[in-house]
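Worksheet: one structure, shown below.
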Amino acid sequence: MQQKIAVLTSGGDSPGMNAAVMEVARASAKAGLRLVGIKHGFNGLIGKFPKPSDNHTILSLDTVLDIADLPGTYLRTARCPEFFELEYQQKAADFLKGMGVLGLVVIGGDGSYQGALKLSQLGMPCIGIPGTIDNDLEYSETSLGFDTAVNVCMEAVRSIRATSRSHDRPAVVEVMGRNCGDIAMSTAMATASEVVVVPEVADWEVDQVAQRLSSLLARGNTRATIVVAEGAWQVMKPFDVYEFLKPYKQVFKGEPMTAARFASILKRKCQAEVRANVIGYTQRGHEPTAQDAVFAFEAGNMAVELLKNGLTNRAIGMRLGRIFHMDLDRALEVKPVFKQHQFDLINSL
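For the sequence shown, position 317 (counting from the first letter as 1) is numbered 319 according to this note's numbering, and the numbering increases by one without interruption.
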């Protein structure tokens, strides 16, 4: 019987996931291995859907050769809360072993890596490829989708600034990244934005940003850009949105801060027509840049080589611009390092 490996994409979809799946397929075919595509992340491993074809499929080159440029993920993705339980982890490991799979390639972020580690501890060899726009797997300099997300945000800020300049309107631009501010920081640097707010800086204050914006306005900068990472709202110093905004617009007690409410508050505090923009899913649903596509190519090939040569339970990453691999459990232990000097530079000019 021809040996098999399996591949899945898990967590949030990320540009470059399809390119990585295609390269795993090409490398598998070259090595004489069959490739099983697991659908809907770890859900497919536990047989969550009644029809087997909704859980897994054989991936041939004819199937996947043209998916590399496609945004999203061909194999689909979804969260799988059941996978936190040992019963389902064992079920997934037994399923893969029963199919004769010699190893699994997991493309995803931190949660996906945690699932891969559990499977490896149950005897199913796994290789991790970092696939998350958040760039929050700290062992690697970058992850699939991060460069694409930053480029999408950069182009969006440039377009927003054109109108901001035309109408003398400052802009609040919210970008993705969950609890990691890398997209916000890189976007702010790439566009020379005047203010950036990230979740790594706790207890930041609305009045700090308002004072900074007022200073910029006083110096004639009427089109200043404030880039906010989506996770920054969670670490903001308490601010009573309801009490401040109720004289001006409909708002209800207990409603959280959002980009729109933040812009509305700055509008009143700074006496300027501040407008809100949330870039949202366009960051994730875009064709991969050359950098992400090249990383996918190298990572997909390395994953198959590692499994073929018996080097398993590894995490593939990028270091000093070169692809490498390390122990999966050690990769998950690497602590984040916040680039404080970049943050200070953006917010002090």
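Here a beta-carbon is modelled for each residue, glycine too, at the ideal position from N, C-alpha and C.
Please read all numbers here as calculations on a predicted model, not as lab measurements.
Asked: Hey, out of R270, E289, M191 and F264, whose CA is closest to H343's CA?; Found: M191
Asked: Which term fits K99, buried or exposed, when burial requires 16 or more other beta carbons within 10 angstroms of its beta carbon?; Found: exposed
Asked: Taking A234 as the reference, give the member of V253, K251, L219 and V211 with the closest Cα.; Found: V211
Asked: How many angstroms separate the CA atom of K310 from the CA atom of E232?; Found: 40 Å
Asked: Quick check on DSSP: helix, strand or coil for K6?; Found: strand
Asked: When DSSP labels each residue in this structure, what does C182 get in the three-state scheme?; Found: coil
Asked: At the level of alpha carbons, what is the spacing between Y244 and E196?; Found: 27 Å
Asked: Quick check on H58: buried or exposed, where buried means 16 or more other Cβ atoms within 10 Å of its Cβ?; Found: buried
Asked: Am I right that V198 and I281 are in contact with their C-beta atoms under 8 Å? What's the rounded C-beta distance?; Found: Contact doesn't hold; Cβ gap of about 14 Å is too wide.
Asked: What are the boundary residues of the beta strand (DSSP E) that F326 is part of?; Found: R324 to D329
Asked: For G125, which residues from the same chain have a beta carbon less than 8 Å from its beta carbon, with the 5 sequence-adjacent residues on both sides left out?; Found: A95 and K99
Asked: For G113, which of F85, A164 and Q123 has the nearest alpha-carbon?; Found: F85
Asked: For G117, which residues from the same chain have a beta carbon less than 6 Å from its beta carbon, with the 5 sequence-adjacent residues on both sides left out?; Found: F44 and F85
Asked: Hey, T193 and T227 are a contact pair by Cβ (cut 8 Å); roughly how many whole angstroms apart?; Found: 7 Å
Asked: Could you name the residues of the same chain whose beta carbon sits closer than 8 Å to that of T314, not counting the 5 residues immediately before and after it, in chain order?; Found: G105, S122, P127, C128, I129 and L308
Asked: Where in the stretch 284 to 325 do unbroken runs of the beta strand (DSSP E), each at least 3 residues long, occur, reported from the N-terminal end onward?; Found: 316 to 321
Asked: Could you tell me whether the stretch 78 to 92 touches the stretch 273 to 290, using the rule of 3 or more Cβ pairs below 8 Å?; Found: no
Asked: Among the residues of its own chain, which have a CB less than 8 Å from the CB of A8, if the five just before and after it don't count?; Found: L37, V38, G39, I40, H58, L98, M101, V103, G105, L106 and V107
Asked: Measure the Cβ-Cβ separation of Y141 and A295 and say whether it is below 8 Å.; Found: no
Asked: To which residues of the same chain is F241 closer than 7 Å at the C-beta, ignoring the five residues directly before and after it?; Found: V208 and M259
Asked: Count the other CB atoms within 10 Å of the CB of Q236; is the residue buried (16 or more) or exposed (fewer)?; Found: exposed
Asked: Excluding the 5 residues flanking F326 on each side, which residues of the same chain have their C-beta closer than 8 Å to its C-beta?; Found: I318, G319 and M320
Asked: Can you check which of these residues, S350, Q293 and E335, is closest to T150 by C-alpha distance?; Found: Q293
Asked: Have a look at the DSSP bridge pairing and note the partners of P132.; Found: G110
Asked: Per DSSP, what kind of secondary structure is I162 in: helix, strand or coil?; Found: helix
Asked: Pull up the distance between the alpha-carbon of P73 and that of K50, whole angstroms please.; Found: 25 Å
Asked: Thinking just about the alpha-carbon of each residue, which of R171, L218, F264 and T224 is nearest to the one in V230?; Found: F264
Asked: I believe V203 touches A186 by the beta-carbon criterion, under 8 Å. Please report the beta-carbon distance rounded to the nearest angstrom.; Found: Rounded, the Cβ-Cβ distance is 11 Å, inconsistent with contact.
Asked: Straight-line CA distance for S166 to D346?; Found: 24 Å
Asked: Leaving out the 5 sequence neighbours to the left and right, which residues in its chain are closer than 7 Å to E157 when beta-carbon positions are compared?; Found: none
Asked: Looking at K22: is its Cβ nearer than 8 Å to the Cβ of G133?; Found: Reading the sequence as shown, one finds Ala at residue 22 and not Lys. It is a contact, given that the beta carbons lie within the stated cut-off.
Asked: Please classify E25 as buried or exposed, where buried requires at least 16 neighbouring CB atoms within 10 angstroms.; Found: buried
Asked: Less than 6 Å between C-beta atoms, sequence neighbours within five positions excluded: which residues of the same chain meet that for Y90?; Found: I48 and E84
Asked: Would you mind working out which of M328, N349, V339 and K341 sits nearest Y115, comparing C-alpha positions?; Found: M328
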